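Engineer: Per this note's numbering, the very first residue in the sequence shown carries number 526; after that it's consecutive.
Every residue, glycine too, gets a C-beta built ideally from N, C-alpha and C.
The structure presented is a predicted model; accordingly, all values stated were derived computationally and were not measured.
One structure, as structure tokens, below. Some questions next.
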Amino acid sequence: MSAPLSPSSPPPLDDLPPLRPDLQILPAGHDRDGAPVWTLQDPVNNQFYRLGWVEFELLAHWSAGNVDEVLRQVAAATLLRPRREEIEALHQFLTQHQLLEIHTPEHTRMLQNLRQKSRASRVNWLLHHYLFFRLPLVRPAAALARLAPWLGWIFTAWTASVVLGLSVIGLGLTIRQWDSFAATFAQSLSPAGFFSYLVALAVTKSVHELGHALTATRYGVRVAHMGVAFLVMWPMLYTDTTESWRLADRRQRLAIASAGFVSELALAGLATLAWHLVGDGPLKEALFFLATTAWVISLMLNVSPFMRFDGYFVLSDALDVPNLHERAFALARAQLRRVALGLAEPEPEALPPRLRWFLIAFAWVTWIYRLIVFTGIAIMVYLFFFKLLGLILFMVEIWWFVARPVWRELRYWNERREQVSATRRTALLAALAAVIAVALLPWPTPVRATAWHYPGQSVTLYSPLPARVQFLAQPGGRFSAGAPLLTLDQPDLSYRAERAAVTRETVDAEWRSVASLDDGLERLPLVLQGRALRAAEWQAEVAEGKRLTLTAPFDGRLTDVDPNIAIGAWVSPRQPVASLIGPGPWLAEAFVSQSELPRLRTGATVHYYPVNQPGAAWVARVVDIENTKLSLLPHPMLAASHGGPLPTLADARAPLRPRDSLYRVRLALDGEPPATVGWGNAVLTAEPRSWLIEQLKPLTIVLIRELVF
526 MSAPLSPSSP PPLDDLPPLR PDLQILPAGH DRDGAPVWTL QDPVNNQFYR
576 LGWVEFELLA HWSAGNVDEV LRQVAAATLL RPRREEIEAL HQFLTQHQLL
626 EIHTPEHTRM LQNLRQKSRA SRVNWLLHHY LFFRLPLVRP AAALARLAPW
676 LGWIFTAWTA SVVLGLSVIG LGLTIRQWDS FAATFAQSLS PAGFFSYLVA
726 LAVTKSVHEL GHALTATRYG VRVAHMGVAF LVMWPMLYTD TTESWRLADR
776 RQRLAIASAG FVSELALAGL ATLAWHLVGD GPLKEALFFL ATTAWVISLM
826 LNVSPFMRFD GYFVLSDALD VPNLHERAFA LARAQLRRVA LGLAEPEPEA
876 LPPRLRWFLI AFAWVTWIYR LIVFTGIAIM VYLFFFKLLG LILFMVEIWW
926 FVARPVWREL RYWNERREQV SATRRTALLA ALAAVIAVAL LPWPTPVRAT
976 AWHYPGQSVT LYSPLPARVQ FLAQPGGRFS AGAPLLTLDQ PDLSYRAERA
1026 AVTRETVDAE WRSVASLDDG LERLPLVLQG RALRAAEWQA EVAEGKRLTL
1076 TAPFDGRLTD VDPNIAIGAW VSPRQPVASL IGPGPWLAEA FVSQSELPRL
1126 RTGATVHYYP VNQPGAAWVA RVVDIENTKL SLLPHPMLAA SHGGPLPTLA
1176 DARAPLRPRD SLYRVRLALD GEPPATVGWG NAVLTAEPRS WLIEQLKPLT
1226 IVLIRELVF
């Protein structure tokens, strides 16, 4: 769709040039006020333009050839009373878009000027269109027409209900097994997983584009071509459904626009359910990659209305606001000029109040979203190409997409500065000075980091060998040093102890009998040696039996008792049975980034909030700051693969190696927390800093480093 008719008027004209004979005018339903609208199709450029009632009637009588005659015929045939300015504006619009048959020398010179401007702007076009361009590959209209009758069942309510129900079941199972799902996702972040995601992305996008194509064919829209589009040099499939503007029913256009991500969501839901139903193996892995890719692409990219993807066209059709971005931006700019400058800026168009305010809010959100996206694209462009070209393209992208729109608006403000009152100018300068001051002045912002807490004195109870539980102390109870905590029984050890005792008694009896014999003195050394050996064996078995009784090495509280352990149950030496926590102070460790280390000081106050105790807050202080990067996480519960907050690298040899560069800050907690070991969020008091200077430091470092060729 083009922009609205230009309000500027060319010199008055009398005779009207004929319209191009290949143009088509199609009914397009009604606008929000109930007035009929039409679509003007330019088949050469495959462009579509929205026409109101006045423009349609003027074009319907255009063949009269004279401005006054066209106005007379329209007034006679309808209740409309168009003005000469309206037909002149329409003439200018048709001329600009080359929709008229004009063979005058003036028109020829105009076309030559347009071609010269086109040649002069080829470099400019290349600079801004290398980020996104299309390569048509196939013309699928005939194949889709043959395929559509066989796939009509896809568009039935029964199919939609079944797919929706199965998807809900799959999501329900995922919520119940979220830990397993999250752990699988963390393990998939590897080079092999990246390749699998690429394959899943190709399958997902194929289903997406096929959904667009089949829905368009169902409503009689010709799919001109399908091919590959390159977004920041990244290939993506696309389907040309431009001719959907021929449809008068807005709901049909909405169905075509939403068919892509609806197909992806259906694929995601079915793949999620199948992932829970199949056994472990390559098929289960493939279904996981397919499900996660479809969910992420559909919900994070295609549904977004802030870029010209499916979500934009869906929202545009749902609101019945063609050229949604341009019209929302015009409203927001006019509102900004009225509020900030106090100008009597006219409304670009008359809209209902609720829709008007929605479009203004939508424009601001879109501007913020695009600022983040275009800045990220500029960084990607810089990293993708070699240094010199990447730097040039980075500057071009930042200027064209970020700085240029702001500069154009500021230039407009400067042109209208005489119309701004002195009070308003003073207020604007004061607000600007306040923003600069807030950005420059150092503010005492805290450092927020993930942390975990643990007792300063603790011991974990393990069985010294495979044994059965005979006695286990009451969990949560307090015990003095030497108090029995766990008594175990090992039948084989008991048997060996009894046999050693019997053997010792036998040897003692032999020693007493040898002493009374005549040759006893000769045999006595050998008997004594055997007696000592049997006694040592007995003492070893007795000592081993004593190890099966675990006592408290210090005063403390018994916690973290394994709930699966009961009297008579067998335990393994590698299985922790319980923990004894001493009365000493508890400690904590926070993990902060390198950029935050210079702001931390020993002795600083810290507020620690454990996640397993909502509402609880402990006061702590910094006792040590390590300058060596953390190589391994101190506890498995901190790893994302175990449901923790810190992502780790997919390294089988070091599964607890953190992905990010983190540094350990040791904390001493005041008092004794009532809970066991856990993790939470720490807020550390830090040195004040200037937000603007902190942002400029890494940028300056990068510029100095990258400008050295």
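Which one or two residues does DSSP pair with residue 1203 in a beta bridge?
Structural biologist: 978
Engineer: Take the Cβ of residue 1186 as the centre, count every other Cβ of all protein chains shown within 10 Å, and call the residue buried at 16 or more, exposed below.
Structural biologist: Looking at its Cβ environment, which holds fewer than 16 other Cβ atoms inside 10 Å, residue 1186 is exposed.
Engineer: Starting from the Cα of residue 988, find the closest Cα among 1008, 712 and 1101 and give me that residue.
Structural biologist: 1101
Engineer: Assuming residue 625 and residue 545 form a contact by the criterion Cβ under 8 Å, report the distance between their Cβ atoms to the nearest whole angstrom.
Structural biologist: 7 Å
Engineer: Please report the straight-line C-alpha distance between residue 736 and residue 784, rounded to a whole angstrom.
Structural biologist: 5 Å
Engineer: From residue 540 to residue 551, what distance separates their C-alpha atoms?
Structural biologist: 26 Å
Engineer: Where does the unbroken beta strand (DSSP E) through residue 1081 begin, and where does it stop?
Structural biologist: 1081-1084
Engineer: On a CA-only basis, which of 870, 554, 874 and 1174 is nearest residue 774? Give me that one, please.
Structural biologist: Closest by alpha carbon: 554.
Engineer: Does the count of Cβ pairs from the region 1190-1210 and the region 1115-1126 closer than 8 Å reach three?
Structural biologist: Output reads yes: the region 1115-1126 touches the region 1190-1210.
Engineer: Would you kindly work out how many angstroms separate the C-alpha atoms of residue 1142 and residue 1000, rounded to a whole number?
Structural biologist: So the alpha carbons of these two residues sit roughly 25 Å apart.
Engineer: May I have the straight-line CA-CA distance separating residue 1224 from residue 825, to the nearest angstrom?
Structural biologist: 29 Å
Engineer: Once you ignore the five residues that flank residue 591 on each side, which residues in its own chain have a CB closer than 7 Å to its CB?
Structural biologist: 539, 540 and 541
Engineer: I need the boundaries of the beta strand (DSSP E) containing residue 554, first residue and last residue.
Structural biologist: 549-555
Engineer: Rounded to a whole number of angstroms, what is the C-alpha to C-alpha distance between residue 765 and residue 682?
Structural biologist: So the alpha carbons of these two residues sit roughly 27 Å apart.
Engineer: With DSSP collapsed to three states, give me the class of residue 623.
Structural biologist: Residue 623 falls in the coil class under three-state DSSP.
Engineer: Could you pull out every residue in the same chain whose Cβ sits closer than 6 Å to the Cβ of residue 472, ignoring the five residues on either side in sequence?
Structural biologist: No answer is possible for residue 472: the residues shown for the chain start at 526 and end at 1234.
Engineer: To which residues of the same chain is residue 529 closer than 7 Å at the C-beta, ignoring the five residues directly before and after it?
Structural biologist: Bear in mind that a pLDDT of 43 at residue 529, under 50, signals an unreliable position, so the number given afterwards is only what the model happens to contain. Result list for residue 529: empty, nothing under 7 Å.
Engineer: According to DSSP, is residue 731 helix, strand or coil?
Structural biologist: helix
Engineer: Pull up the CB-CB distance for residue 979 and residue 1112, whole angstroms please, since I reckon it's below 8 Å.
Structural biologist: So it is a contact: roughly 6 Å between Cβ atoms.
Engineer: Of the residues 858, 866 and 894, which one's Cα is nearest the Cα of residue 882?
Structural biologist: 858
Engineer: To the nearest angstrom, how far is the alpha carbon of residue 514 from that of residue 996?
Structural biologist: The requested residue 514 does not occur in the structure, where the chain is confined to residues 526 to 1234.
Engineer: If I measure Cβ to Cβ from residue 645 and keep anything under 6 Å in the same chain, skipping five residues before and after, which residues do I get?
Structural biologist: Confidence at residue 645 is low in this model, with a pLDDT of 45, below 50, so its placement is unreliable and no value can be given for it.
Engineer: Buried or exposed for residue 686, going by 16 or more other Cβ atoms inside 10 Å?
Structural biologist: exposed
Engineer: Look at the alpha carbon of residue 585 and the alpha carbon of residue 616, and state the distance between them as a whole number of angstroms.
Structural biologist: Between residue 585 and residue 616, the alpha-carbon positions lie close to 14 Å from each other.
Engineer: CA-CA distance, residue 1013 and residue 808?
Structural biologist: Inter-residue distance for residue 1013 and residue 808 is about 46 Å (C-alpha atoms, whole angstroms).
Engineer: Terminal residues of the continuous beta strand (DSSP E) containing residue 983?
Structural biologist: 983-987
Engineer: Going by the beta-carbon positions, is the gap between residue 1145 and residue 971 smaller than 8 Å?
Structural biologist: Not a contact, by the Cβ cut-off of 8 Å.
Engineer: Using CA atoms only, rank isn't needed, just tell me which of 798, 991 and 564 is closest to residue 1016.
Structural biologist: For residue 1016, the nearest C-alpha among the options comes from 991.
Engineer: Using C-beta distances below 7 Å, list every residue in its chain close to residue 969, excluding the 5 sequence neighbours before and after it, in chain order.
Structural biologist: 1213
Engineer: Can at least three beta-carbon pairs, one atom from the region 889-909 and one from the region 869-880, be found at a separation below 8 Å?
Structural biologist: no
Engineer: In the structure shown, what three-state DSSP assignment does residue 751 receive?
Structural biologist: It is a strand residue.
Engineer: Leaving out the 5 sequence neighbours to the left and right, which residues in its chain are closer than 8 Å to residue 895 when beta-carbon positions are compared?
Structural biologist: 831, 832 and 926
Engineer: Hey, out of 805, 798, 818 and 673, whose CA is closest to residue 720's CA?
Structural biologist: 818
Engineer: Note down the Cα distance separating residue 1216 from residue 964, rounded to an integer number of angstroms.
Structural biologist: Spanning the two alpha carbons is a distance of roughly 5 Å.
Engineer: CA-CA distance, residue 556 and residue 562?
Structural biologist: 6 Å
Engineer: Could you pull the DSSP bridge partners for residue 1112 from this structure?
Structural biologist: Residue pairing by DSSP places residue 1112 opposite 979 and 1193 in a beta bridge.
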